[in-house]
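Asks: Can you keep this structure in mind? I'll have questions shortly.
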Ligand code: PLZ
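Now the structure itself:
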């Protein structure tokens, strides 16, 4: 079946795909083939690797994921904020197909190739700030965060790293230490890396009315007293926290922190792994308040689904490391680089920053209507196509993780992929691909609307 959206209809993306852009359930969720595959997974895959929705994918495009039973699911997750340009986006597919036939790998550290350099040039161009920049490429978000810390330590000759309450930076040893939440990310996996210190965040919904400047002063006081600027290599922060609950700090918090870092020779690192590449209605979330990080860490949306991550930043910081000090066998793999160039071109040429803002308007309006009649929605927050609702016990601010679970489960049953997050597990988050149509978004929100009612 071919359903090309009308390219002239305003506010609606036009996925070029033969995957029908409509929710369609032909079996229960999960269907029999998925159940069978789930059995095989249990017998073959380590139990530690969890599953949000027990359906197995076969295809995906636009705003739809198709499962092995033929169900068409509305995608409000983008594989955790990765397929921002859409799944199997046309330019990405073409670029990767071309590259895979030319060569698949040489190792950039052995015999370099142009695509890596071109991705570095593109990132130096599109990231905040017009200073001289350099980039290094890696595979995963966690690996890039680790490398940002390595670079900051060499540059400053200092060791300490400050992170924040509710932070998520990855699952490797150093990034587990940097991540706040014990279960499921850290529990039992220690000992963790040393010289990682945690400061209080600005969390407007739970801060008792602290404004951004006050919350920054509180954090800086903790850093000063417990670490000391003279020992501190880097402050690492997600401009909008992802896994921690889509927490957007109060205005002024990030600029004040960045300013303090500048005054104290501390490297200010923005972890834009989840917020980057148009996701928040800016190319990078830091831009909203004009914050220019010294180093910016990117991954996820950078390459349309191929594994790639990067550290980009001030040339004098990035170049502080001795030759041979940074790298890895696969970092900046040619297929991933080809995909990244195509993804960045897609974001720029298809106006996806604007599309993320349209998605925000639509989602806030629809979620706002649900919140008007449902006092269990404590707050709607986020920006662009990174929107969440924090759920509480009606009339209080006590976290309500059971409701988040119930609404997500009901949405899954109806063929809508939604994710939860948050330190208290009480946040429903929405990360649609920017290739989703308004019709599909509205349909997904109809399902959520009904899911809130059925969870009374
Ligand atoms: N920094 C801000 O959001 C990854 C994790 C999913 P990797 N977030 C999704 C899970 O349960 O593992 C993330 C992030 C931020 C770093 C990372 C880590 O990126 O590519 O998963 O290593």
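Numbering (the numbering used here), first residue to last: 1 to 456.
Heads up, the beta-carbon is just placed ideally off N, CA and C, and yes, glycines get one too.
A quick note: this is a predicted structure, and the numbers were derived from the prediction, not measured.
(1) Use the C-beta contact count for residue 414: other C-beta atoms within 10 angstroms, 16 or more gives buried, fewer gives exposed.
(2) Given the structure, does residue 80 come close to ligand 1, in the sense that its CB is under 6 Å from one of the ligand's heavy atoms?
(3) CB-CB under 6 Å to residue 248, same chain, minus the five flanking residues each way: which ones, in chain order?
(4) Any chance the CB of residue 140 is under 6 Å from a heavy atom of ligand 1?
(5) If the criterion is Cβ atoms closer than 7 Å, does the pair residue 91 and residue 346 meet it?
(6) Using 6 Å as the cut-off, classify the Cβ of residue 166 as near or not near the heavy atoms of ligand 1, replying yes or no.
(7) Any heavy atom of ligand 1 closer than 6 Å to the CB of residue 271?
(8) For the stretch 15-67, which segments carrying the beta strand (DSSP E) assignment without a break, of at least 3 residues, lie completely within its bounds, in sequence order?
(9) Taking 6 Å as the cut-off, is the beta-carbon of residue 148 closer than that to any non-hydrogen atom of ligand 1?
(10) Please identify the residue among 204, 412 and 421 whose C-alpha is closest to the C-alpha of residue 183.
(11) Can you tell me whether residue 248 sits near ligand 1, meaning its C-beta is under 6 Å from at least one heavy atom of the ligand?
(12) Figure out for me which residue from 99, 30 and 147 has the closest Cα to the Cα of residue 331.
(13) If I follow the unbroken alpha helix (DSSP H) through residue 80, where does it start and stop?
(14) Candidates 195, 117 and 363: which alpha carbon is nearest residue 108's?
(15) Cutting at 7 Å between CB atoms, please list the residues of its own chain near residue 362, excluding the five before and the five after it.
(16) Check residue 4 in the structure and name its three-state DSSP category.
(17) Using 8 Å for Cβ pairs, my map puts residue 310 next to residue 267. What's the rounded Cβ distance?
(18) Does the separation of the CB atoms of residue 287 and residue 399 fall below 7 Å?
(19) Looking only at its chain, what residues have a beta carbon closer than 6 Å to the beta carbon of residue 338, apart from the 5 residues adjacent to it on each side?
(20) I'd like the span of the beta strand (DSSP E) that includes residue 309, first residue to last.
(21) Can you look up residue 171 in the DSSP assignment and give me helix, strand or coil?
(22) So residue 451 and residue 407 are supposed to be a Cβ contact under 8 Å. How far apart are they, rounded?
(23) Is the number of C-beta pairs between the stretch 171-186 and the stretch 251-262 that are closer than 8 Å three or more?
(24) Please report how far the alpha carbon of residue 44 lies from the alpha carbon of residue 34, in whole angstroms.
(25) Rounded to the nearest angstrom, how far is the Cβ of residue 342 from that of residue 304, given a contact under 8 Å?
(26) What first and last residue would you give for the alpha helix (DSSP H) that runs through residue 370?
(27) Can you determine whether any heavy atom of ligand 1 sits closer than 6 Å to the C-beta of residue 422, and answer yes or no?
(28) If you check the beta carbons only, do residue 58 and residue 433 fall under 7 Å apart?
(29) So the candidates are 378, 175 and 386; which of them puts its Cα closest to the Cα of residue 277?
Replies: Reading it off the structure:
(1) For this step, residue 414 is matched to residue 414 along the chain shown. Buried, by the Cβ-count rule.
(2) Stepping through the chain shown from its first residue, residue 80 is reached at position 80. Within the cutoff, so yes.
(3) One-based indexing of the chain shown puts residue 248 at position 248. 240 and 381, listed in sequence order.
(4) Within the chain shown, residue 140 is the residue found at index 140, counting from 1. Taken from the Cβ of residue 140, at least one heavy atom of ligand 1 lies inside 6 Å.
(5) Residue numbering aside, residue 91 sits at position 91 when the chain shown is read from its first letter. Residue numbering aside, residue 346 sits at position 346 when the chain shown is read from its first letter. The Cβ-Cβ distance between residue 91 and residue 346 falls below 7 Å.
(6) Within the chain shown, numbered from 1, the residue matching residue 166 stands at position 166. No, the beta carbon of residue 166 sits no closer than 6 Å to any heavy atom of ligand 1.
(7) Position 271 of the chain shown, counted from the first residue, corresponds to residue 271. Remark: the shortest separation between the CB of residue 271 and any heavy atom of ligand 1 falls under 6 Å.
(8) You should have 57-61 and 64-67.
(9) In the chain shown, the residue the question calls residue 148 occupies position 148. Ligand 1 has no heavy atom closer than 6 Å to the beta-carbon of residue 148.
(10) Reading the chain shown from its first residue, position 183 is the one you call residue 183. Nearest of 204, 412 and 421 to residue 183, Cα basis: 421.
(11) Locating residue 248 in the chain shown gives position 248, counting from the first residue. Outside the cutoff, so no.
(12) Translated into the one-based positions of the chain shown, residue 331 becomes position 331. It is 147 whose Cα lies nearest to the Cα of residue 331.
(13) For this step, residue 80 is matched to residue 80 along the chain shown. Boundaries of the alpha helix (DSSP H) harbouring residue 80: 78-81, taken from the DSSP string.
(14) Stepping through the chain shown from its first residue, residue 108 is reached at position 108. Taking only the C-alpha atoms, the option nearest residue 108 is 117.
(15) In the chain shown, counting from the first residue as 1, residue 362 sits at position 362. Same-chain partners within the cutoff: 438 and 441.
(16) Reading the chain shown from its first residue, position 4 is the one you call residue 4. Interpretation of residue 4 is limited by its pLDDT of 33, a score under 50 that renders its predicted location unreliable; the figure taken from the coordinates is listed afterwards. Secondary structure at residue 4: coil, using DSSP grouped into helix, strand and coil.
(17) In the chain shown, the residue the question calls residue 310 occupies position 310. In the chain shown, the residue the question calls residue 267 occupies position 267. Incorrect: roughly 16 Å between the Cβ atoms, too far for contact.
(18) The sequence position of residue 287 within the chain shown is 287, counting from 1. The sequence position of residue 399 within the chain shown is 399, counting from 1. Result no, Cβ atoms of residue 287 and residue 399 do not sit closer than 7 Å.
(19) Counting from one through the chain shown, the residue named residue 338 turns up at place 338. Excluding five sequence positions before and after residue 338, the CB atoms of its chain that fall closer than 6 Å to its own CB belong to 95, 96, 99 and 115, given in chain order.
(20) As a first step, residue 309 is located in the chain shown; it is residue number 309 there, counting from the start. If you look at residue 309, you'll find it in the beta strand (DSSP E) that goes 309-314.
(21) As a first step, residue 171 is located in the chain shown; it is residue number 171 there, counting from the start. In the displayed model, residue 171 falls within coil according to three-state DSSP, outside both helix and strand.
(22) Working through the chain shown from its first residue, we reach residue 451 at position 451. Working through the chain shown from its first residue, we reach residue 407 at position 407. Yes, they are in contact, since the Cβ atoms of residue 451 and residue 407 sit about 5 Å apart, within 8 Å.
(23) Under the Cβ criterion (8 Å, minimum of three pairs), the stretch 171-186 does not count as touching the stretch 251-262.
(24) Residue numbering aside, residue 44 sits at position 44 when the chain shown is read from its first letter. Residue numbering aside, residue 34 sits at position 34 when the chain shown is read from its first letter. In a straight line, the C-alpha of residue 44 is about 15 Å away from that of residue 34.
(25) Stepping through the chain shown from its first residue, residue 342 is reached at position 342. Stepping through the chain shown from its first residue, residue 304 is reached at position 304. Indeed, because the Cβ distance is near 7 Å, the residues count as touching under 8 Å.
(26) Reading the chain shown from its first residue, position 370 is the one you call residue 370. Going by DSSP, residue 370 is part of the alpha helix (DSSP H) stretching over 352-373.
(27) By 1-based counting over the chain shown, the position of residue 422 is 422. Residue 422: no, Cβ never under 6 Å from ligand 1.
(28) Mapped onto the chain shown, residue 58 falls at position 58. Mapped onto the chain shown, residue 433 falls at position 433. One thing to note: residue 58 has its Cβ no nearer than 7 Å to the Cβ of residue 433.
(29) The sequence position of residue 277 within the chain shown is 277, counting from 1. Nearest C-alpha to residue 277: 386.
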